[in-house]
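Numbering (the UniProt record's numbering), first residue to last: 1 to 149.
Don't be surprised by glycine CBs; every beta carbon is placed ideally from N, CA and C.
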């Protein structure tokens, strides 16, 4: 099995199309999220896709917050590729890149059923729960660097 992570920003080519195909399969078809809620703010994000033997298997996107934090969104793995640790590998790749760029922390809105997954990667729940597309979520964060004064 060959795993390749590809990244794109501001390009609607094959990597972006692969990310959208995975998101449509997971969020729209499996979870019933309305397409207009799933496909939003597309031009403002950087897209990450893991390919397994040339097949797009998992994806995530990152939006940069005003304070420089990276907001992970739309983390999804195709059903046939689940249980292989691909989402973990993808998030670790994003985290390594964020640390290189001195991003202070990562943040995400985790579906409640996925909280344990993110906690195993070092994320902590912050704040109260909320609904997004009718699905229960909690905000989670992971501190990456400390600012020195």
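Rounded to a whole number of angstroms, what is the C-alpha to C-alpha distance between residue i and residue j?
| i | j | result |
| --- | --- | --- |
| residue 5 | residue 77 | 13 Å |
| residue 64 | residue 108 | 11 Å |
| residue 115 | residue 138 | 8 Å |
| residue 140 | residue 88 | 15 Å |
| residue 70 | residue 106 | 5 Å |
| residue 46 | residue 8 | 6 Å |
| residue 124 | residue 142 | 6 Å |
| residue 38 | residue 23 | 8 Å |
| residue 136 | residue 113 | 8 Å |
| residue 36 | residue 74 | 14 Å |
| residue 57 | residue 86 | 8 Å |
| residue 122 | residue 55 | 28 Å |
| residue 100 | residue 18 | 26 Å |
Quick one: is residue i buried, meaning 16 or more other Cβ sit within 10 Å of its Cβ, or exposed?
| i | result |
| --- | --- |
| residue 130 | exposed |
| residue 150 | The shown model of the chain, from 1 to 149, leaves out residue 150, and the question about it has no answer. |
| residue 126 | exposed |
| residue 145 | exposed |
| residue 118 | buried |
| residue 98 | buried |
| residue 34 | exposed |
| residue 96 | exposed |
Could you say which of the options lies nearest to residue i if we only look at CA atoms?
| i | options | result |
| --- | --- | --- |
| residue 50 | 144, 61 and 111 | 61 |
| residue 133 | 27, 69, 14 and 17 | 27 |
| residue 67 | 57, 104, 17 and 12 | 104 |
| residue 53 | 91, 36, 81 and 143 | 81 |
| residue 93 | 45, 59 and 30 | 59 |
| residue 16 | 121, 113 and 44 | 44 |
| residue 30 | 48, 121 and 79 | 79 |
| residue 42 | 96, 86, 12 and 120 | 12 |
Minimum length 3: unbroken beta strand (DSSP E) runs contained in the UniProt domain "N-acetyltransferase" (1–145)
DSSP runs (the beta strand (DSSP E)) wholly in the UniProt domain "N-acetyltransferase" (1–145): 3–9, 46–52, 55–64, 70–77, 105–111, 124–132 and 135–143.
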